[in-house]
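End of the sequence shown sits at 1163 in full-length UniProt numbering; the numbers just go up one at a time, nothing left out.
Below you'll find the structure, written out as C-alpha cells, and then a few comments.
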Amino acid sequence: MHFTGERFIPNETDKQLEIEHKQRYLSVEPLVRGKVVLDAACGEGYGSYMLSRLAAQVYGIDLSSETIAEAQLKYRADNLKFRQGSVDCLEGIEDQSIDIVVSFETIEHVDEATQTKFLLEIKRVLKQDGMLIMSTPDKHWYTDMPKHHNPFHVKEFYKHEFFLFLNSHFPHVEFYYQKNEVVSVVGTGASNAGYRLLDGAETTLNEGKYIVAICSAQPLDNIQIHSVMTNPEVQYQKLVDRILSLQSEVEERNAHLKKLDEQIERSRNQLQTNAQEIAFKNELVQELLRTKEILAEELKDKKSLNDEHKDEIIRELSQTKEILSEELKEKNRLNDLILMIERLENEISAKNLLIEEGKQTQIELSAENQKSNDQIAMIQERLAHHEFQIQEQLSQKDTQIHNLNGHIEMLLEQERKLNNILASGGWKALKRYYKLRDAVVPANSKRKLFARMLKVALTEPGKIARNLNGSNIKKFLFYLKTERSGLLENRVENYLGRQSGAPSQEIEVKHHVDTSRRLIFPKVAKPDVSIIIPVYNQWHYTYGCLASILEHTNGIEYEIIVADDMSTDDTIKIGDIVENITVIRDGTNRGFLLNCNNAAQYANGKYIFFLNNDTNVQANWLSSLLTLVENDESIGMVGSKLVYPDGRLQEAGGIIWNDASGWNYGRLDDPELPQYNYVKEVDYISGAAIMIRTELWKEIGGFDERYVPAYFEDSDLAFEVRKHGYKVALQPQSIVVHFEGISHGTDTGAGIKSYQIQNRQKFIDKWRTELQQQFGNAQHVFQARDRSRAHRTMLVVDHYVPNVDKDAGSRTVFQYLKLFINMGFNVKFIGDNFYRQEPYTSMLQQMGIEVLYGNWHAKHIDEWLELNGKYIDVTYLNRPHISIKYIDKIRKYSNSKVIYYGHDLHFLRELREYQLTGNAALLQSSEEWKKIEFELMAKSDVSYYPSQVEVDEINKLFPTVKARAIPAYIYDSVEVELLDAQDFSNRRDLLFVGGFGHKPNVDAVLWFTDTVFPKIRARYPDMKLYVVGSNPPDEIRDLQSSSLIVTGFVSDEELARYYRECRLVVVPLRYGAGVKGKVVEAMFNGCPIVTTTVGSEGLKDIQGCLIEADSSNEFASEVIELYNNLEMLPIIAQRAIRYVQKHFTKTSVIEAIQEDLRMEVTS
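Rendered as C-alpha cells:
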C-alpha cells in the first residue's frame, strides 16, 4: 500500500502524524480491557491490533478491500477479525453486541446523511451500557485558522456542532482535545520511563486541533483518557537549533540577495547600453540596406561598370553582411541575458518566500518559548506563595498550641468548679429531684410519652391542631399497642418535624437610597459574567440596581457595563459615585435595542447578563443561574423569576401562543406556589433579566435590529437560541424585583411602548413556521408552561419529599426520580403531607421536578388530578399506606399506566415481628396489610419490589398479580478499588448504620448491644461500636458510653468518613422484608459486613461477599474471627464492590423497568 496523504500507514508517514494516530488508540486502550470492540474505518489495521492486546474481541471494518487484505496479512491475533464493509451499514454485527465502538478520523469523510446513518448503526450495535469513542478535527483549528482545505474531507464539524450531533443520540458526551504543546521533561535515557504530570491541577485543555468524544447512554463517571506522548524527533532543543540555523540561513541569503541585486543592477545598466548600441546599429543597418537598394538600382542601370567597380561593391556588400551577422549575434546574447535575469528574479522570489516562512516559524517558536518562560515564572511565583503559606500555617499552629494550652488551663479550672458543684448540697437536691421525676415519669414509659405530648400541645398548640385528625389518631393508637413508648415518642417528634414548611424568601427593595454614597465594585481581570445595564436617565433606579448587585453578588467573578444612552440627569456623574465599572457613553443615542447590542461588544465574560436598571436583585440571584447553566451544556439562555416590589409574581417564564401573543406566566400570583419554583424549559424569558452564553450571542448576532428600538427582541432571541440547538430555561431560585413600566411606561399607544404592537407583526412574519408548533391562546397551559409537549409526564407519589440523607427508602425514591429525569420524563411529585420541607424540596425542584405542596394542594388534590390527569402518562406510587389513598383517584381521573412500588411486603415484615415478639396486635396488623397490599397490586398495571424473594412470595399468594423485582438502589459505576491488608490495618472498630424511624433497626441495635457486643468486647476490650442514624429514640441514646457512640444524624461526608475508618460493618437485623439499603450501601463503600440472613435477604448469589450469622454466639464469633483477618478483609470488600457494580447500576435498573415504561396501558 502507498501513503495517499490521508490514511495513516506506520513507517510510511511522518513521525508527528504517527504520534497523533497512535496516541488516540493508546489513550483509550485501558477502557477496552475485557470488552468487545468495533474499530469502524480501521484502515490498515494497526489500531485494531493495538486494542486487541487488552480487549476480549476486536472487529476491524473498512470500506477498502485493499486495506482489509493488507491488515489480514500484517496483523494476526486470535481475538482480532477484519472484514470489508461500510460504516453506514455495519453488516454482520448483531444488535447490542458491542461494548465499545472506536472510530477515529472517519466521520468527516462522509456526507451528512451518511453521518446520521453511521450514528444510528452505532446505536444499534452498542449494548445498553456501551460506549462510543469518536474523533474528528475541529474545523476552526484544522481548516479555518490555517486556511487549508483537505480534499478528502466531506463534512467537517465545529466543536458545538459535533457536540449537538452526538448529544442527539447519546445523553452523556465528554470531550477531550488533542494538540501539540511544549513541555518540560525530566528523565533518563530509559525507554520505559513513566512520566508524572506535575501541574495537573492547573492544566486545562478546552480546545485542540482534534476532538476525541466519549459518548454513552450512561453517565461517564471515572472515565478518563488524559495522556501526553512525546515525539523523540521533535525536541525543544532541536527546534531552538532550527531557529538559529534559519537565522544563519537568512543572513547568508540576505548577503547573496545583495550580490544578486548588484549583479542585476549592473546587468540592467549593461542592457541599457546594449540597447542604445543596438538602436544605433539598427539605424546603421537600415542605412546600409537603403544604400544596398540604391547600389542595386545603380548596378541595374549601369551594367557597363567595370570589374574593379564590381569588386568594390561586392566587398562593401560582404562587409555589410559581416556587420549584420555580428549584430545578430549581439542580439542573441542580449536575449540570453534577459532570460538569465528572469531566472534570477524567480529564484529571489522563492528565497524571499522561504525567508518569510522562516521568520514566521521563528515568531511562533519565540512565542512558545515565551509561554514556557511565563509558565516557569508562574510556577516559581506559586512556590513562593506556598512557602509563604507554610510559614503562615506554622505561625498559626504555634498560636493554636498557645491557645490550646490556655484552653486546657481553663478546662482544669472548670473541672475544679464542677467538682465543687458535685459536692454541693444543691447538686444533691437536684439528684433527688431527678430520681423522683424518673420514678413518677419513667424513661420509655407511656407517662413520659403523654407528658412530652402535653408540653408540645401547650407550647405549640397550632402544630398539634393542624395534625389532629382521624387518620393520625388511628395510627397513634395502633403504634401505642405495637411499639415501645420511646420509639413511638420518637416517631411523633419526627412526624411533627416534617410538618414544618420552609419560610418564604423575603424580598428586599431599595426604595429610598442615598445616591451619593460611593459604591466600589471589585476589580476583575477575567470575569465569568458581564452584567450589562442599559440606562437612560432614572439615576435613582440605576443606583438602587447597582447597590443591590454589590450587596447580593458574592463568590462570582463579574464585571459591570453601564450602557448610558446619553442620559441628561445625574447618571452622567456615575463615574464619581461608582468605581471599577465600565461606562459606555459615546455621544450617540441609539435606543434600547441598539444600546444593548453596542454594549455587548465590550463584554469580556463567558456569559452576558442583560439587566434592566429598574430592578433590585436578591440573594443568590447570580450564583444559582451560573450553577444551572454550567452544569447543563444544552441550556443556551437562562433567566430569573421576576416579582413586583409588593411581593406578587410578575413572571416565572413566558409562554408564546401560536398567534404570537404571550403570557407572563403567573402574573400577580403568589411567587411561592409550586408551579413557579422548579427549573424548567420555557418559551422565552423577559429581557429584564436574562443571561446568555457569549459565544452563542455572537453566533446569533445579538438582538435582531428589525425590532428597533425595543419590544419582542427578547422573545425573538429565545426563538433564535432554540434555532441554534440550545434550550431556554427558568431558574426560580434567582429572584429579581422589577419595577415594570419604569423603563418604558405602560401605555402601548404612545412613546416607545407603541412599538410593542408593531413588532408583534414583525415577529409573526419571521417565525410563522415555528409559531404553528405552539399551542392556541390559553390552551393546554399544563404543557405550555414548561414546553413538555414532547415529553411523557410521570406523577410520583410518596409520603413526603425524600430525605435523601436520612433513610434508605428516601434514598431509593430520590435515585429513581433522578433516573426518570435522565430518561426524559416530565416529573411531578406529590408528598402526602404536602409540606415544603427543605433542603429536600429544592433539591427536586432544581432537578426540574414540580413538587406539589401547600394548603391548596392538600385540600384540592382531587381537583388538581381532575384538571391535569389527562396529561399524566405514568403514575409511580410508593408505599401501601400512601398508595391506597391515591390509586382510585388516579384510575378515575387519568388513563396513565400505574406502577406500584411497595418498598417491602409490610404484611410479611409485621408477621415476622409477631413471630419474634408474640405480640398478637402485630398478627392482626399483618392480615390488614395483606388485604391492602393485594388490593394495590390488583389495581396496578405492575408492582415493583426490591428483591426476588418478595416477588416469589407474591407469585405464591397472588398468582394473578404482575410483579417484578427491581434494584432497590442505583449507584454510578465505579472502578474496583485495589484494597490490601495495609488499608484495613489502619481501620478500627465496628459500625452500624440505619435510621431509627424503622422499628427493625431499633430492635437490631438493642439485641446486638445486649447479647453480641459484650462477647466481642471480651476478646477486644478497646473496641468501639459507632451507631450512626437519624432520630435515635431514648432507649438507643441511653446506650451511649465510651465504647458505644450514638451519633444521631450525620451528613453524607461524615458517613463516608465512618465507612473509611471503621474496619467492619454489622447489620444484626432479626426481622424485616426485602433488600436492606444499609447492606448495599456498605458494600458500595467497600466495607466488609457481618449480618443475619434477614439482613442479606433478597441479594441473589451474595455468598462470599459478606458473612452471615443468626445466633448471638455465631454473630460474635464471626466478628471476632474476621476482625483481625487482614488477608480476608480486602477480598470480601472487593467482592462486595463488584457485586454492587453488577446489580445496582443505572444500566441494570433501566434493563429492569424499560419494558414497563414503553408498554401501553391495558387495564
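Glycine is no exception: its CB is placed at the ideal position from the N, C-alpha and C atoms.
Exercise. Tell me whether R333 counts as near the ligand SAM, meaning its Cβ is closer than 6 Å to at least one heavy atom of that ligand.
Key: By its list of ligands, the structure shown contains no ligand whatsoever, and the ligand SAM lies outside what it can speak to.
Quiz prompt | Touch test, the region 886–896 against the region 908–916, Cβ-Cβ under 8 Å, three pairs minimum | solution = no
Quiz item: If we ignore side chains and look at the alpha-carbon of each, how far apart do T1162 and D941 end up?
Solution: Residue placement at T1162 cannot be trusted, given a pLDDT of 33 that sits under 50; the coordinates are not used to answer.
Exercise. Could you please give me the residues that DSSP links to S86 through a beta bridge?
Key: C89
Quiz item: From H552 to Y711, what does the alpha carbon distance come to, in whole angstroms?
Solution: 29 Å
Quiz item: How should S1041 be labelled, buried or exposed, when 16 other C-beta atoms within 10 angstroms of its C-beta is the threshold for buried?
Solution: exposed
Self-check item: Bridge partners - T615, DSSP secondary structure assignment
Solution: H738
Exercise. Put W657 into one of helix, strand or coil per three-state DSSP.
Key: coil
Quiz item: What is the DSSP secondary structure of A921, counted as helix, strand or coil?
Solution: helix
Quiz item: Going by beta carbon distance, what residues of the same chain come within less than 8 Å of V976, once the five residues before and after it are set aside?
Solution: At V976 the pLDDT is 42, less than 50, meaning the model places this residue with poor confidence; the figure from the coordinates comes in the next sentence. Around V976: Q1134, I1137, R1138 and Q1141.
Quiz item: In chain order, what residues of the same chain lie with their CB nearer than 7 Å to the CB of V173, ignoring the 5 residues before and after it?
Solution: F163, L166, N167, A213 and C215
Exercise. Assign T588 to buried or exposed, taking buried as 16 or more other Cβ atoms, counted over all protein chains shown, within 10 Å of its Cβ.
Key: exposed
Practice problem: Can you grab the Cα-Cα spacing for the pair S227 / S27, in whole Å? | Solution: 6 Å
Practice problem: Just tell me which of P151, K159 and T230 has its CA closest to the CA of V185. | Solution: T230
Self-check item: Rounded straight-line distance, which links the Cα of A963 to that of G501
Solution: With a pLDDT of 49 at G501, under the threshold of 50, the modelled position of that residue is not reliable, and the figure given next carries that caveat. Going by the C-alpha atoms only, they are around 36 Å apart.
Quiz item: In whole angstroms, what is the alpha-carbon distance linking R290 and R266?
Solution: 36 Å
Quiz item: Out of G702, T769 and K35, which has the shortest C-alpha to C-alpha gap to L80?
Solution: K35
Quiz item: Pick from T917, I1107, N269 and E933: whose alpha carbon is nearest that of L1064?
Solution: I1107
Practice problem: Report yes or no: do the region 772–782 and the region 644–659 share at least 3 C-beta pairs separated by less than 8 Å? | Solution: yes
Exercise. Could you pull out every residue in the same chain whose Cβ sits closer than 6 Å to the Cβ of G749, ignoring the five residues on either side in sequence?
Key: Summary for G749: the model assigns pLDDT 49, below 50, so the residue's position carries little reliability; its value from the coordinates is reported in the next sentence. Excluding residues within five positions, none has a Cβ falling inside 6 Å.
Self-check item: CA nearest to the CA of I692, picked from D670, V721 and Y678
Solution: V721
Self-check item: Between the CA atoms of E508 and K859 - distance to the nearest angstrom
Solution: 32 Å
Quiz item: E1097 to V827, Cα distance in whole Å?
Solution: 32 Å
Quiz item: Rounded to a whole number of angstroms, what is the C-alpha to C-alpha distance between I533 and G85?
Solution: 58 Å
Quiz item: Leaving out five residues before and five after Q57 in sequence, what residues of the same chain have Cβ atoms less than 6 Å from its Cβ?
Solution: V36 and N79
Quiz item: Just the Cα atoms here: how many angstroms apart are S1112 and T1092?
Solution: 10 Å
Practice problem: With distances taken Cα to Cα, identify the nearest neighbour of N180 among S1030, L17 and L63. | Solution: L17
Quiz prompt | Among K123, Y969 and P671, the one whose alpha carbon lies nearest that of L819 | solution = Y969
Quiz item: Between the C-alpha atoms of Q72 and Y177, what's the straight-line distance to the nearest angstrom?
Solution: 32 Å
Quiz item: Where do the ends of the beta strand (DSSP E) carrying residue 1164 lie?
Solution: It is not possible to answer for residue 1164, since the shown part of the chain is limited to 1 through 1163.
Quiz item: Taking three-plus beta-carbon pairs below 8 Å as touching, is the region 46–57 in contact with the region 105–114?
Solution: no
Exercise. For my contact list, L673 and V529 are in at a C-beta cut-off of 8 Å; report their separation, rounded to the angstrom.
Key: Not a contact, Cβ separation roughly 29 Å.
Self-check item: Option in D95, F934 and P967 with minimal Cα separation from N955
Solution: F934
Quiz item: Where DSSP assigns a beta bridge to H172, which residues make up the other side?
Solution: S216
Exercise. Throw me the rounded Cβ distance for the V1028 and V1002 pair, which I believe falls under 8 Å.
Key: With 8 Å as the limit, V1028 and V1002 do not qualify as a contact, their Cβ atoms being about 14 Å apart.
Quiz item: Mind pulling the beta strand (DSSP E) runs of 3 or more residues that sit fully within the region 818–889?
Solution: 826–831, 850–852 and 874–878
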